[in-house]
Amino acid sequence: MGSKQHSLVISPIGDLHADGELLERVRREIREVFGYETDLLPLIDEKDLCLDPVRKQYHSTPILETLAIICPPEAVKVLAITKVDLFIPILTHVYGEAQLGGRACILSTYRFAERGSPGTEAFRCRLAKEAIHELGHTFNLRHCRDAACVMHYCRSISEVDRKSNHFCRTCAVLVEDEMRRSLQSDGVGF
Amino acid sequence: MNGAKILIVDDELIVRESLGGWLERDGHKVDKAASGEEALERFKNTRYDILLLDIKMEGMSGLEVLKKVKENDPDVSVVMITAYGSIPSAIEAMKNGAYEYLLKPFDPDELMVLIEKILRHQAETRETQFLREQYKERTRFESMIGQSRVIQEVFDLIERIAPADSTVLIKGETGTGKGLAARAIHTKSRRCQGPFVVVNCGAFPEHLLESELFGYQKGAFTDAKTTKKGRLELAHGGTLLLDEIGEISTRMQIDLLRVLEDHVFYRVGGTQPIEVDFRIIAATNKDLEKAIKQGTFREDLYYRLNVICFTVPPLRDRKEDIPLLADYFLRRFAQDTNKPMDQISREALDEMMLYDWPGNVRELANAVERGVVVGRGRRLLPKDLPIFRSEYASSPPGRTLREVEIAHLKSILEETQWNVSKSADILGIDRSTLYDKIKRYELRKRA
Chain A
1 MGSKQHSLVI
11 SPIGDLHADG
21 ELLERVRREI
31 REVFGYETDL
41 LPLIDEKDLC
51 LDPVRKQYHS
61 TPILETLAII
71 CPPEAVKVLA
81 ITKVDLFIPI
91 LTHVYGEAQL
101 GGRACILSTY
111 RFAERGSPGT
121 EAFRCRLAKE
131 AIHELGHTFN
141 LRHCRDAACV
151 MHYCRSISEV
161 DRKSNHFCRT
171 CAVLVEDEMR
181 RSLQSDGVGF
Chain B
1 MNGAKILIVD
11 DELIVRESLG
21 GWLERDGHKV
31 DKAASGEEAL
41 ERFKNTRYDI
51 LLLDIKMEGM
61 SGLEVLKKVK
71 ENDPDVSVVM
81 ITAYGSIPSA
91 IEAMKNGAYE
101 YLLKPFDPDE
111 LMVLIEKILR
121 HQAETRETQF
131 LREQYKERTR
141 FESMIGQSRV
151 IQEVFDLIER
161 IAPADSTVLI
171 KGETGTGKGL
181 AARAIHTKSR
191 RCQGPFVVVN
201 CGAFPEHLLE
211 SELFGYQKGA
221 FTDAKTTKKG
231 RLELAHGGTL
241 LLDEIGEIST
251 RMQIDLLRVL
261 EDHVFYRVGG
271 TQPIEVDFRI
281 IAATNKDLEK
291 AIKQGTFRED
301 LYYRLNVICF
311 TVPPLRDRKE
321 DIPLLADYFL
331 RRFAQDTNKP
341 MDQISREALD
351 EMMLYDWPGN
361 VRELANAVER
371 GVVVGRGRRL
381 LPKDLPIFRS
391 EYASSPPGRT
401 LREVEIAHLK
411 SILEETQWNV
421 SKSADILGID
431 RSTLYDKIKR
441 YELRKRA
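So the protein lines, in turn, are chains A and B.
First residue of the first sequence? That's 1 in my numbering, and the numbers climb one at a time after it.
First residue of the second sequence? That's 1 in my numbering, and the numbers climb one at a time after it.
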């Protein structure tokens, strides 16, 4: 789908980089869906994340802002993955957050680990789907009503298991248009 | 389900931004306002589906915004956002029309479910409104037609009184459209999805009217092989039209009064009280005040029925509606009978305008129907309207109205060989009215 000259950066936070199997699974599936090469590049330390001492959770929006700034300029998008619990101020928690049509997104394994069995194949499969989902937002995709589409917002683990790891026809067209637009604005042929 | 148009009203930038971003990722169109004043300003130019409104804000409070927004747009769904300490205010907001409240911080899954629920509810409401409007439009067109000031006043009155649940008494000569006015009230009322049940009180002898109205229990009388629901029961949730109310017996008046007071009755032969909820509309062509003085109609029942009262004007008082009505009937009957007739000649219309139509709109409808049946070609001609050529039309001056009426009744009864139903139909009056006239004028079949 995408150009091989540009890459997507996957940035593990904290001791997540030790989970080689998970990261490899995520990289592989992202490559298959978006067509970009992926670079594994730790950009932020866990201690640099903004902890809310009352909520004992981490506010995800500032992390995205930092990622967008420090990410290498040749990277098309950057996806951070963390084990900590994320929130945005008005919500109790978020599974991840993305800059809609922007560069950065983040995914937390915290709620998935809480609800599923970490280290299993099913766990890795769920995380890979949600990684594609968050990256989809950076390609300007909104949530999709098609329960099988990876952009479908899932309220339960079983819903995540039911959805596929790829875009529905409509989302696929939209993401391709978005890729073409961004490559054209970068002066790269597609 | 498409995304919603949502306005977030919160004086905290971080809340507006984070919630806005989350909702945009969910596919909604989001606007943000930092104060109640800004929200109201935005509302002037934009229609929103959902308003996410913080209760506690600097300046205008969320509750004040809610009241003002609901005054202008009762359809918008308002979700109050509140901190734990402001729950009483949130409950107050619910009483003032807020759809729901969310406690800060809220679960994203709950927010999503709530938005989906609101959008589904709004879609269903719109669908119901659409069907209701469609139904109303059709009925209004088909039932009551007229552009004269007097009939427009009746339409306006119906529009005003329909939403209330008050009992209505409709007066008017026979054939003026009292039944149609009653149906229009029902259609425009909150009960329009419920049944519209008509009882012609003049059409039944007393004992039959009783079982017709109240129903009967199996074995209540010899012919009661099964239990039968009466019209009162069938009208539950809707409107009950008691047509020709002036015709009911004194005993039935007492029974009816009891039902009107308690909305509870018993089937004939039944012991189980049956509760009913309906709106009553009564119609009459009789002078009930006179009947009260004569002791044939109960005063207490009259006042129970006469909460709202209006008169449907006779056709002679709204002659400017004749061309419109005649044209409507012509097209309807031509279509029914598959005839190519689609015009009324100037001469035929002139004759219609000169005539006084004692049988009112019903008589006009019958006259046009006859004209369509006997006429040839595309135009309705005076010769197709035999009713205008009857005895009274050329009667010598000096004869009284009573004499003219008797002569006309006789001629129609003779013409139909004293078939009362057919004669009543031609005359545009009810059978019971015709019986009444036959009795009053002591008309006898010729030997």
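All residues carry an ideal CB built from backbone N, CA and C; glycine is no exception.
Residue burial is scored here from C-beta neighbours: A:Ile13 has at least 16 other C-beta atoms within 10 angstroms and is therefore classed as buried.
Taking the Cα positions, B:Gly371 is about 32 angstroms away from B:Leu242. Only buried fits B:Asn285, as 16 or more other CB atoms lie within 10 angstroms of its CB. Chain B places a beta carbon closer than 7 angstroms to that of A:Pro89, counting this residue as a contact. Excluding the 5 residues flanking it on each side, A:Gly102 has same chain C-beta neighbours closer than 8 angstroms at Leu64, Ala68 and Thr138, in chain order.
Annotation: A:Ser117 to A:Asp15 spans about 18 angstroms, alpha carbon to alpha carbon. With its beta carbon at least 7 angstroms from every one in chain B, A:Leu174 lies outside the interface. DSSP places A:Ser11 within a strand segment (E or B) once states are collapsed to three.
The beta-carbon of B:Glu212 is placed no less than 7 angstroms from the nearest beta-carbon of chain A.
Separation of A:Pro42 and A:Glu24 (C-alpha to C-alpha, rounded to the nearest whole angstrom) is 14 angstroms. DSSP places B:Gln343 in the strand class (E or B) of the three-state scheme. Per the C-alpha coordinates, the member of B:Asp109, B:Ala164 and B:Val198 positioned closest to A:Ser156 is B:Asp109.
Taking 8 angstroms as the upper bound for CB-CB distance, B:Gly375 and B:Met352 are not in contact here, some 14 angstroms apart. Counted as a single uninterrupted DSSP element, the alpha helix (DSSP H) harbouring B:Gln294 occupies residues Leu288 to Gln294. B:Ser77 is bridged by DSSP to B:Ile50. Neighbours of A:Leu100 across chain B, judged by C-beta separation under 9 angstroms: Gly21, Glu24 and Arg25. Of all residues in the region 62-84 of chain A, none places a beta-carbon less than 7 angstroms from a beta-carbon of chain B. Beyond the five residues adjoining it in sequence on each side, B:Leu240 comes within less than 6 angstroms, by CB distance, of Val197, Phe278 and Ile280 in the same chain, given in chain order. Within the model, the alpha-carbon separation for B:Ser345 versus B:Ala224 is close to 55 angstroms.
Put simply, the backbone Cα of A:Ser164 is about 18 angstroms away from that of A:Tyr95.
Taking a beta-carbon distance threshold of 7 angstroms, A:Thr92 counts as an interface residue toward chain B. Relative to the Cα of B:Leu301, the nearest Cα in the group B:Val276, B:Ile322, B:Ser249 and B:Thr337 belongs to B:Ser249. Interface annotation for the region 6-20 of chain B against chain A: Ile14, Val15, Ser18 and Leu19, criterion Cβ-Cβ distance under 7 angstroms. Under the three-state reduction of DSSP output, B:Arg42 falls in the helix class. Within the same chain, Cβ atoms closer than 7 angstroms to the Cβ of A:His166 are found at Val33 and Val150, the five residues on either side in sequence being excluded. The three-state secondary structure of B:Leu169, taken from DSSP, is strand. Under the three-state reduction of DSSP, A:Lys163 is assigned to coil, being neither helix nor strand. The alpha-carbon of B:Glu442 is positioned some 29 angstroms away from that of B:Val312.
Non-local beta-carbon contacts of A:Gln57 in its own chain, meaning distances under 6 angstroms to residues more than five positions away in sequence, involve Asp85 and Phe87 in chain order. With respect to chain A, the C-beta atom of B:Pro314 has no partner C-beta closer than 7 angstroms.
Beta-bridge annotation (DSSP): A:His59 is paired with A:Phe87. DSSP places B:Phe196 in the uninterrupted beta strand (DSSP E) bounded by Phe196 to Asn200.
Put simply, the backbone Cα of A:Pro89 is about 32 angstroms away from that of A:Gly20. For B:Lys5, DSSP records a beta bridge to B:Lys29. For A:Arg142, the neighbours in chain B by C-beta distance under 9 angstroms run, in chain order, Gly3, Glu24, Arg25, Asp26, Gly27 and His28. DSSP, reduced to helix, strand and coil, places A:Ala128 within a helical segment of the structure shown.
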